[in-house]
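K.L.:
Quick one: the structure is below, and I'll ask about it shortly.
Numbering (full-length UniProt numbering), first residue to last: 1 to 141.
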């Protein structure tokens with residue numbers, strides 16, 4: 001399983017918004033700070049807005065900010081807003097995806113691995129990622 005580049009950019013954009021402490025910023029500013037190609041920003045923000053993770057404002061003074069505090073938004077919520085439901089293997093999304101799923105000895109292992117991964121993502125708020133990201137940047141300076 002591998003996340004798309006769009007998801008990577010979406011996570012970076014969400015972390016950037018968490019670092020803005022509730023202040024509105026622009027798509028362009030996020031793209032510049034996070035080295036995200038600007039063409040991705042409208043798609044990413046549309047996905048995050050549809051999931052009610054961000055609020056966008058149009059116009060001259062327009063921009064974007066998180067819809068809730070970064071403590072309330074998880075990494076899982078951001079990933080699923082962009083990717084949709086995530087699974088380590090297709091049979092975990094739908095049994096019909098694999099004819100062997102009902103009798104497969106590996107499926108329970110896939111399931112345990114997925115549950116562990118989703119649990120970590122669900123327990124990781126944007127506030128933690130934003131704090132860790134700032135600390136990393138401070139060490140590089």
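Where a beta carbon is used, it is the ideal one built from N, C-alpha and C, also for glycine.
This structure is a prediction, so every number in the text was calculated from the model and none was measured.
By DSSP's criteria, residue 118 is part of a beta bridge. Which residues make up the other side?
P.N.:
Note: residue 118 sits in no beta bridge, so no partner.
K.L.:
Looking at the secondary structure, which residues open and close the alpha helix (DSSP H) in which residue 6 lies?
P.N.:
Unbroken alpha helix (DSSP H) run through residue 6: 5-19.
K.L.:
What residues are listed by DSSP as bridge partners for residue 124?
P.N.:
Paired residues: none, contrary to the question.
K.L.:
Could you work out which residue in 29, 105, 129 is closest to residue 62 when comparing CA atoms only?
P.N.:
29
K.L.:
Check each candidate in 121, 72, 16, 74 and name the one with the smallest Cα separation from residue 87.
P.N.:
Shortest Cα-Cα distance from residue 87 to any of 121, 72, 16, 74 involves 121.
K.L.:
Which one of 83, 72, 27, 20 has the shortest CA to CA distance from residue 162?
P.N.:
As displayed, the chain neither begins before 1 nor continues past 141, which places residue 162 out of reach and without an answer.
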